[in-house]
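The structure appears below as structure tokens.
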Amino acid sequence: VYFVTTCTMNVLRRDGSSIVVSETCHVLCIRGIKSKEYLNSNAIKDFLHIGEDPLTCLTSFDSINALHIVKDEIIKKDPELLISYYESLKPHTYDTQSFIFQDLEIQRIHIPQEECLIDSIPLTFEKQYFGSYCDCDNDEEHSVTVSPIPSLWKEYFPEIISTNNQCTIQRLSSTNHISSHIDSHIFEENIYIVFIENDGVLSLTNNSGVETRIHVSNHSVIHLRGVYRYIYKFGLLSYEGQPLVTFIFRNTRNDGSICECIYPNVCDSRLNATIRLNDKMASKLESTHVHSVYENIAGHFSDTRHKPWPKVMDFLNSCNPYGTLIDVGCGNGKYFGHHPGMLQIGCDYSFGLLQIVKERSFEGVRCDCLKLPFRSNLADAIISIAVIHHLSTWERRRDALAEMLRVLKVGGRVLIYAWAKEQNKNSVSSSYLKKNSLSNPQSCSKNQVKRCDTKFPLVLPVHKNRTNFLHTDLLVPWKKKTKSEDNQGGEEKTFHRYYHMFQEGELEELANSIVDLTLDEIYYEQGNWCIVARKLR
Numbered sequence: 001v002y003f004v005t006t007c008t009m010n011v012l013r014r015d016g017s018s019i020v021v022s023e024t025c026h027v028l029c030i031r032g033i034k035s036k037e038y039l040n041s042n043a044i045k046d047f048l049h050i051g052e053d054p055l056t057c058l059t060s061f062d063s064i065n066a067l068h069i070v071k072d073e074i075i076k077k078d079p080e081l082l083i084s085y086y087e088s089l090k091p092h093t094y095d096t097q098s099f100i101f102q103d104l105e106i107q108r109i110h111i112p113q114e115e116c117l118i119d120s121i122p123l124t125f126e127k128q129y130f131g132s133y134c135d136c137d138n139d140e141e142h143s144v145t146v147s148p149i150p151s152l153w154k155e156y157f158p159e160i161i162s163t164n165n166q167c168t169i170q171r172l173s174s175t176n177h178i179s180s181h182i183d184s185h186i187f188e189e190n191i192y193i194v195f196i197e198n199d200g201v202l203s204l205t206n207n208s209g210v211e212t213r214i215h216v217s218n219h220s221v222i223h224l225r226g227v228y229r230y231i232y233k234f235g236l237l238s239y240e241g242q243p244l245v246t247f248i249f250r251n252t253r254n255d256g257s258i259c260e261c262i263y264p265n266v267c268d269s270r271l272n273a274t275i276r277l278n279d280k281m282a283s284k285l286e287s288t289h290v291h292s293v294y295e296n297i298a299g300h301f302s303d304t305r306h307k308p309w310p311k312v313m314d315f316l317n318s319c320n321p322y323g324t325l326i327d328v329g330c331g332n333g334k335y336f337g338h339h340p341g342m343l344q345i346g347c348d349y350s351f352g353l354l355q356i357v358k359e360r361s362f363e364g365v366r367c368d369c370l371k372l373p374f375r376s377n378l379a380d381a382i383i384s385i386a387v388i389h390h391l392s393t394w395e396r397r398r399d400a401l402a403e404m405l406r407v408l409k410v411g412g413r414v415l416i417y418a419w420a421k422e423q424n425k426n427s428v429s430s431s432y433l434k435k436n437s438l439s440n441p442q443s444c445s446k447n448q449v450k451r452c453d454t455k456f457p458l459v460l461p462v463h464k465n466r467t468n469f470l471h472t473d474l475l476v477p478w479k480k481k482t483k484s485e486d487n488q489g490g491e492e493k494t495f496h497r498y499y500h501m502f503q504e505g506e507l508e509e510l511a512n513s514i515v516d517l518t519l520d521e522i523y524y525e526q527g528n529w530c531i532v533a534r535k536l537r
């Protein structure tokens, strides 16, 4: 039994949502009670049944006296039932010596000769890894050589070390703590945390942003699993500024297997897995998260697209000044009108953007880039800027490039731009990152990335704008204010566009997969991978 008084109690459901038991009430948590009949009291204000095995429930009371009346009644019916409680407890802070609840367990352990354990730790360290190591804060997980777990530790934590191959030790103080986070799913479910030297604080934050802090005694083991492992963010802090050492034990998936937890919306292991869609699913994904989005944002999107890319203009200036140019995915037609001698034809899927092209007195036709409505061997040059990264499978990206090749004359050239996953090249940030002048472009970690259920058999991460790309396939938000009836502004609506982020060498590999296409140039420009290719025959 665990008692909390004068606080807000947040109870987590299995789906990650929470129930808040009213503030400044008195709450009795009963675990292992033999019968619900024990709780047939008029003094109980609210009753919340949260578990069957063992029978677990929460009851709340308006007064401390009412709680003690029910507590005494329960003890009369079951004298062996242990009841412990605290008369005055600060909101959101729980003290514990031994606590087991759902997927969180905290137990005191016996650590003889603590000084020997402390002596096995380097004196100057702040954070150190032992056993298997994975750098999950960077864009790519990779292993580095670290020291093995000391054999001495096996004498102190035999059961934990027998099932875990990685340990991170960190010294905490008033100025050093472990920020709230969810561990990568490259680690298995169970996480064990040990406090030595002094007491510490475990911080748990649910997906509604509500934080609970638990005062954990020195020589305690915290066991996180289930919702507390996958849904809650956990952080570690010193207690009243007293220094302590934390051991965090995990087991790394060294076999490269994908996590199979029951929380796919937050599973970075599956988010990083290669997306496999059949053509019908891919087309539907693009219809929802590309075509439909651009129809909704066409005007707003066009307002942000004025200045042509310098190297695109260099390419156009090198083309036959009286030849035929086709712009596949022409948008608002910003590359037209600079070469009056050329026959310039644009194509796009968006009616809204083509309407803008028409208003500017340029030629545009609506079509799918996988089925261009032009005869073969027509164009002297084709440009396709920021288009093929909206295609969701490798096969569709290849087919789009092959279709452009079909329309090109022999000897004609095509210029392709696609968004790069690498937004820092040679220690220089792209203009996309530089526009975020108020924040650090490295600040978006994997555990901060939101997820979006696309209603397809995959879950896509939602990118945080103006930060480095952490995933290859993702959704990028576009925020647009909707007009109110009196044109005084309205609510901001967010649309999500699908992108496949090209990694270095990927666009080149795609071009080399097509017969009769040869690469003339490969380059990187402002966060984009770019190729110039020529049709051989």
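In terms of the UniProt record's numbering, the sequence shown opens at residue 1 and continues consecutively. All residues carry an ideal CB built from backbone N, CA and C; glycine is no exception.
- Item | Residue span of the beta strand (DSSP E) that contains residue 200, given as start and end | In the sequence shown, counting from the first residue as 1, residue 200 sits at position 200. Its beta strand (DSSP E) spans residues 200-205.
- Task: Measure the alpha-carbon distance for residue 358 versus residue 364 and round it to whole angstroms.
- Result: Taking the sequence shown and counting its residues from 1, one reaches residue 358 at position 358. Taking the sequence shown and counting its residues from 1, one reaches residue 364 at position 364. Distance between the alpha carbons of residue 358 and residue 364 is about 7 Å.
- Are residue 406 and residue 384 touching if we call contact CB-CB under 8 Å? Position 406 of the sequence shown, counting from 1, holds the residue named residue 406. Position 384 of the sequence shown, counting from 1, holds the residue named residue 384. Against a cut-off of 8 Å, the Cβ pair of residue 384 and residue 406 comes out as no contact.
- Among 127, 421, 404, the one whose alpha carbon lies nearest that of residue 413: Sequence index remark: in the sequence shown, residue 413 carries index 413 (1-based). Residue 413 has its Cα closest to that of 404, out of 127, 421, 404.
- Message: Which residue wins for smallest C-alpha separation from residue 318, given the options 298, 334, 342?
- Response: Stepping through the sequence shown from its first residue, residue 318 is reached at position 318. Residue 342 is the option with its Cα nearest to residue 318.
- When burial is assigned at 16 or more other CB atoms within 10 Å of the CB, is residue 316 buried or exposed? Along the sequence shown, read from residue 1 onward, the residue named residue 316 stands at position 316. Buried: at least 16 other Cβ atoms inside 10 Å.
- Query: Between residue 187 and residue 246, which are expected to be in contact by the criterion C-beta below 8 Å, what is the C-beta distance as a whole number of angstroms?
  - Reply: As a position in the sequence shown, residue 187 is number 187, starting the count at 1. As a position in the sequence shown, residue 246 is number 246, starting the count at 1. Incorrect: roughly 16 Å between the Cβ atoms, too far for contact.
- Message: Would residue 388 and residue 401 be called neighbours here (beta carbons separated by less than 8 Å)?
- Response: Walking along the sequence shown from the start, residue 388 turns up at place 388. Walking along the sequence shown from the start, residue 401 turns up at place 401. In contact: residue 388 and residue 401 (Cβ atoms closer than 8 Å).
- Task: Whole angstroms is fine: what's the gap from residue 426's alpha carbon to residue 159's?
- Result: The residue given as residue 426 occupies position 426 in the sequence shown. The residue given as residue 159 occupies position 159 in the sequence shown. Cα-Cα distance, rounded: 47 Å.
- Can you find at least 3 beta carbon pairs, one from the region 189-202 and one from the region 237-245, that sit closer than 8 Å? yes
- Task: On the DSSP bridge assignment, give the partners of residue 344 in chain order.
- Result: Taking the first residue of the sequence shown as position 1, residue 344 is located at position 344. Per DSSP, 325.
- How is the alpha helix (DSSP H) around residue 230 delimited, first residue to last? One-based indexing of the sequence shown puts residue 230 at position 230. Start and end: 226-230.
- Going by CA-CA distance only, name the one from 516, 528, 116 that's closest to residue 420. In the sequence shown, counting from the first residue as 1, residue 420 sits at position 420. Considering only alpha carbons, the answer is 528.
- Query: Given residue 293, which residues of its chain have a CB within under 8 Å of its CB, disregarding the five upstream and five downstream residues?
  - Reply: Working through the sequence shown from its first residue, we reach residue 293 at position 293. Once the five neighbours on either side are set aside, the close Cβ partners of residue 293 are 478, 495, 496, 497.
- Could one say the Cβ of residue 69 lies closer than 8 Å to chain B's Cβ atoms, at least one of them? As a matter of chain content, chain B is missing from the structure shown, which is built from one protein chain.
- Item | Beta-bridge pairing of residue 298 - partner residues as DSSP gives them | The count along the sequence shown starts at 1 and reaches residue 298 at position 298. DSSP, once it has assigned bridges, lists no residue as partnering residue 298.
- Message: Let me confirm a value: residue 366 is counted as buried when at least 16 other C-beta atoms fall within 10 Å, else exposed. Which label applies?
- Response: As a first step, residue 366 must be located in the sequence shown, where it is residue number 366. By the neighbour-count rule (16 or more Cβ atoms within 10 Å), residue 366 is not buried but exposed.
- Secondary structure of residue 520, DSSP reduced to three states: If you number the sequence shown from 1, residue 520 lands on position 520. Reduced to three states, the DSSP call for residue 520 is strand.
- Query: Based on the DSSP secondary-structure assignment, which residues constitute the bridge partners of residue 495?
  - Reply: Position 495 of the sequence shown, counted from the first residue, corresponds to residue 495. BP columns for residue 495 point to 478.
- Task: For residue 351, count neighbouring C-beta atoms within 10 Å of its own C-beta (all shown protein chains included) and say buried if the count is 16 or more, exposed if not.
- Result: If you number the sequence shown from 1, residue 351 lands on position 351. Counting Cβ neighbours within 10 Å, residue 351 comes out exposed, since fewer than 16 surround it.
- Message: Only counting the same chain, and skipping five residues up and downstream in sequence, which positions put a Cβ closer than 6 Å to that of residue 298?
- Response: Translated into the one-based positions of the sequence shown, residue 298 becomes position 298. Hits under 6 Å: 350, 352, 353.
- Apart from the five residues on each side of it in sequence, which residues of its chain come closer than 8 Å, Cβ to Cβ, to residue 110? Here residue 110 refers to the residue found at position 110 when the sequence shown is read from its first residue. Around residue 110: 219.
- Based on the DSSP output, what are the partners of residue 245 in its beta bridges? Your numbering for residue 245 matches position 245 in the sequence shown. Answer by DSSP bridge pairing, in chain order: 171, 196.
- Query: Per DSSP, what kind of secondary structure is residue 334 in: helix, strand or coil?
  - Reply: Residue mapping note: residue 334 aligns to position 334 of the sequence shown, counting from 1. Coil at residue 334, not helix or strand.
- Under the three-state reduction of DSSP, which class applies to residue 65: helix, strand or coil? In the sequence shown, the residue the question calls residue 65 occupies position 65. If DSSP states are grouped into helix, strand and coil, residue 65 belongs with the helices.
- Message: Using 8 Å as the threshold, is the C-beta distance between residue 192 and residue 164 below it?
- Response: To locate residue 192, count along the sequence shown from 1; it is residue 192. To locate residue 164, count along the sequence shown from 1; it is residue 164. Yes, they are a contact pair.
- Task: Could you please give the first and the last residue of the uninterrupted alpha helix (DSSP H) stretch that includes residue 311?
- Result: Here residue 311 refers to the residue found at position 311 when the sequence shown is read from its first residue. Residue 311 -> alpha helix (DSSP H) spans 310-317.
- Message: Can you tell me whether residue 406 is helix, strand or coil according to DSSP?
- Response: Indexing the sequence shown from 1 puts residue 406 at position 406. Note: residue 406 maps to helix in three-state DSSP.
- Item | Per DSSP, cross-strand counterpart(s) of residue 250 | In the sequence shown, residue 250 corresponds to position 250, counting from 1. DSSP output for residue 250 lists 166 as bridge partner(s).
- Message: Going by DSSP, what residue range makes up the beta strand (DSSP E) through residue 381?
- Response: By one-based count along the sequence shown, residue 381 stands at place 381. Run containing residue 381: 379-385, per the beta strand (DSSP E) assignment.
- Item | residue 461 versus residue 73 - alpha carbon distance | Taking the first residue of the sequence shown as 1, we reach residue 461 at position 461. Taking the first residue of the sequence shown as 1, we reach residue 73 at position 73. Approximately 51 Å between the Cα atoms of the pair.
- Message: Taking the straight line between their C-alpha atoms, what separation do you get for residue 127 and residue 261?
- Response: As a first step, residue 127 is located in the sequence shown; it is residue number 127 there, counting from the start. As a first step, residue 261 is located in the sequence shown; it is residue number 261 there, counting from the start. Going by the C-alpha atoms only, they are around 29 Å apart.
- If you check the beta carbons only, do residue 480 and residue 464 fall under 8 Å apart? The sequence position of residue 480 within the sequence shown is 480, counting from 1. The sequence position of residue 464 within the sequence shown is 464, counting from 1. Taking 8 Å as the Cβ cut-off, residue 480 and residue 464 do not qualify as a contacting pair.
- Query: Across which residues does DSSP place residue 364 in a beta bridge pair?
  - Reply: Position 364 of the sequence shown, counting from 1, holds the residue named residue 364. The partner list for residue 364 (beta bridge, DSSP) reads 346.
- Query: Which word fits residue 537, buried or exposed, when buried means at least 16 other C-beta atoms lie within 10 angstroms of its C-beta?
  - Reply: The residue given as residue 537 occupies position 537 in the sequence shown. That one is exposed.
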